[in-house]
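Read the structure below first, then the notes.
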Amino acid sequence: MYLRLARRFLTETDKRLLMKAAWTLGVRGLWSVHQHKRRLKRGEFFPPFLYMSVINSCNLRCQGCWVDVGAKQSRIEVDAANQTIAEAKAMGNSFFGILGGEPFMHKDLMKIFEANRDVYFQVFTNGHFITDEVAAQLREYGNVTPLISVEGTEFISDTRRGRLDVLNHTMEGLKAALRNKLLVGVCTSVCKSNIDDLVNEAWVDRLIEMGVMYCWYHIYRPVGPEPNPQLALSSDEQRRVRQFVVDTRATKPIIVIDAYHDDAGNALCPAATGFTHHIGPWGDIEPCPVIQLATESIHDKKPLKETFNESGFLKDFREITAQNTRGCVIMERPDLLVELAEKHSARDTTARGEVIAELQNVTPRRSQFQPGDEIPERSLVYRWAKKYAFNDFGSYSRHFDTANYRDPDQAMASQEAGNQQ
Ligand code: SF4
Numbered sequence: 077m078y079l080r081l082a083r084r085f086l087t088e089t090d091k092r093l094l095m096k097a098a099w100t101l102g103v104r105g106l107w108s109v110h111q112h113k114r115r116l117k118r119g120e121f122f123p124p125f126l127y128m129s130v131i132n133s134c135n136l137r138c139q140g141c142w143v144d145v146g147a148k149q150s151r152i153e154v155d156a157a158n159q160t161i162a163e164a165k166a167m168g169n170s171f172f173g174i175l176g177g178e179p180f181m182h183k184d185l186m187k188i189f190e191a192n193r194d195v196y197f198q199v200f201t202n203g204h205f206i207t208d209e210v211a212a213q214l215r216e217y218g219n220v221t222p223l224i225s226v227e228g229t230e231f232i233s234d235t236r237r238g239r240l241d242v243l244n245h246t247m248e249g250l251k252a253a254l255r256n257k258l259l260v261g262v263c264t265s266v267c268k269s270n271i272d273d274l275v276n277e278a279w280v281d282r283l284i285e286m287g288v289m290y291c292w293y294h295i296y297r298p299v300g301p302e303p304n305p306q307l308a309l310s311s312d313e314q315r316r317v318r319q320f321v322v323d324t325r326a327t328k329p330i331i332v333i334d335a336y337h338d339d340a341g342n343a344l345c346p347a348a349t350g351f352t353h354h355i356g357p358w359g360d361i362e363p364c365p366v367i368q369l370a371t372e373s374i375h376d377k378k379p380l381k382e383t384f385n386e387s388g389f390l391k392d393f394r395e396i397t398a399q400n401t402r403g404c405v406i407m408e409r410p411d412l413l414v415e416l417a418e419k420h421s422a423r424d425t426t427a428r429g430e431v432i433a434e435l436q437n438v439t440p441r442r443s444q445f446q447p448g449d450e451i452p453e454r455s456l457v458y459r460w461a462k463k464y465a466f467n468d469f470g471s472y473s474r475h476f477d478t479a480n481y482r483d484p485d486q487a488m489a490s491q492e493a494g495n496q497q
């Protein structure tokens, strides 16, 4: 499999873009993780990977979306984005995830990429605004990989994303990105309505055939103003996705990303481990994109280095989450987030101002943490990469206490038993 993957990279890509990714994302990405480890040893903290939602607006209306896509537009402007990137670069960071809303609706997005050619950007996009012109410009910059979301067949895509003809527009953007030799990824938020259509070999083979170089299977999180909990996966379905990811990595010539398991298959939360944190469209510094609570902002007149190092809210988030679960705290223990917000007087960072009520309405359910059913990596390359660069950095060994863990599946089972009596 490795030879087939290497042949794809050598024969299907623009070598300049490949070298840029290998150096900026690969080598310098590992260096930023190394710097992170050294900081932790010194008792300091700065996340090696930052995610920035540069705009709230979007042309789609997806089920389970937590962003105020219909609210008055707010953008992280070029100067503020460049300042944030510069301060993170000074800490050794070289990779940034760009989210929205729909990032390509930001009128100056290309200026941010152009102004920061020495770092690498992964853009989470629905692909609708990627034309040949945009893709050619991205190719010229060479420092951007579009991660294009596909959420199902034509019918399911329209239902999931609240508009018509969604998949066709996405595929047009995907083809334009591939025609212009960009390093392209495809992601899916796996839920009940698309797991059969997209978590299978036929779909992965089609992605390879099209020239897609990597894919990412997220787990649907029933959050936000319209959480649609009926779409959330059961524990069996989550294990099925995990097994598929592990098998595909060992058998298919395509890279498969995940952010929720270490080399041994132990679950983790990349925010609780301090691997990443998120900056919202209004500049708020949040634990992760779906936890819309903050006490700091990039607009505070304070160096980011100090902000991350001194944030009691973020430190408490990491420790309290790691003390109680290796999974997703917003799915499993939203009550802890309500307590945390009260303790730190954290502000609701949304335009709708409903976050606490939404958290109080979440029915706890299992997430990537499936105690006793860990599925280790089969591929030696992924095992090594995770062992060195993607694990819990000691946070769960320091904090996690099984006595604190409340299994949502057990809670649901006893509740159902109670209802039947
Ligand atoms: S809290 Fe949940 S959604 Fe946020 S980073 Fe952790 S696992 Fe992901």
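The numbering used here numbers the first residue of the sequence shown as 77 and each following residue consecutively. Think of the CB as a built atom: it goes at the ideal place given N, C-alpha and C, for glycine as much as any other residue. Given the structure is predicted, the values throughout are model-derived calculations rather than measurements.
Distance between residue 325 and residue 265, taken at the CA atoms: about 18 Å. For residue 346, the shortest separation between its Cβ and any heavy atom of the ligand SF4 lies below 6 Å.
Straight across, the Cα-Cα distance linking residue 148 with residue 495 is about 44 Å. DSSP, read as helix, strand or coil, puts residue 402 in coil. Within the region 271–356, complete beta strand (DSSP E) segments of at least 3 residues are found at 290–295, 331–333 and 352–355, given in chain order.
Counting only unbroken stretches of 3 or more residues, the beta strand (DSSP E) elements lying wholly within the region 113–172 are 125–129, in sequence order.
In the DSSP secondary-structure assignment, residue 372 is bridged to 361.
Of all C-beta pairs linking the region 297–314 to the region 336–346, fewer than three are shorter than 8 Å, placing the two stretches out of contact. Short of 6 Å from the beta carbon of residue 232, and not among the five residues preceding or following it, lie these beta carbons of its own chain, in chain order: 269 and 270. Under a 10 Å Cβ-count criterion, residue 497 is classified as exposed, with fewer than 16 other Cβ atoms of the shown protein chains found around its own Cβ. Distance from the Cα of residue 247 is smallest, within the candidate group 311, 461, 208 and 167, for 208.
Closest in alpha carbon position to residue 275, among 391, 319 and 204, is 319. By the Cβ rule, the region 450–467 does not count as touching the region 477–490, because fewer than three pairs are nearer than 8 Å.
When the alpha-carbon of residue 445 is set against those of 335, 358 and 419, the nearest one is in 335. In terms of Cα proximity to residue 475, the closest of 439, 491, 462 and 394 is 394. By the Cβ criterion, the region 90–110 is in contact with the region 216–235, since at least three pairs of Cβ atoms, one from each stretch, lie closer than 8 Å. Distance from the CA of residue 411 to the CA of residue 123, rounded to the nearest whole angstrom, comes to 25 Å.
Boundaries of the alpha helix (DSSP H) harbouring residue 410: 410–419, taken from the DSSP string.
Residue state for residue 389 is assigned as helix, using DSSP reduced to three classes.
By the Cβ criterion, the region 177–185 is in contact with the region 133–144, since at least three pairs of Cβ atoms, one from each stretch, lie closer than 8 Å. By the C-beta density criterion, residue 244 is exposed, having fewer than 16 other C-beta atoms within 10 angstroms. Membership of residue 232 in the alpha helix (DSSP H) is indicated by the continuous run 230–237. Placement of the Cβ of residue 299 at a distance of 6 Å or more from every heavy atom of the ligand SF4 is found. Set against 6 Å, the gap from the CB of residue 396 to the closest heavy atom of the ligand SF4 is not smaller.
Between residue 251 and the set 283, 234, 229 and 480, the nearest pair of CA atoms involves 283.
The beta carbon of residue 141 sits no closer than 6 Å to any heavy atom of the ligand SF4.
Residue state for residue 90 is assigned as coil, using DSSP reduced to three classes. For the pair residue 317 and residue 293, the CB atoms are nearer than the 7 Å cut-off.
In this structure, DSSP gives residue 396 a helical state, which the three-state scheme calls helix.
Residue 332 is not a Cβ neighbour of residue 364, given a cutoff of 7 Å.
Within 6 Å of the C-beta of residue 404 there is at least one heavy atom belonging to the ligand SF4. The continuous alpha helix (DSSP H) containing residue 249 extends over residues 242–255. Checking the 6 Å criterion, the Cβ of residue 366 is within range of a heavy atom belonging to the ligand SF4. For residue 261, the enclosing beta strand (DSSP E) starts and ends at 261–266. Straight across, the Cα-Cα distance linking residue 409 with residue 162 is about 35 Å.
Residue 199 sits in a strand when the DSSP states are folded into three classes.
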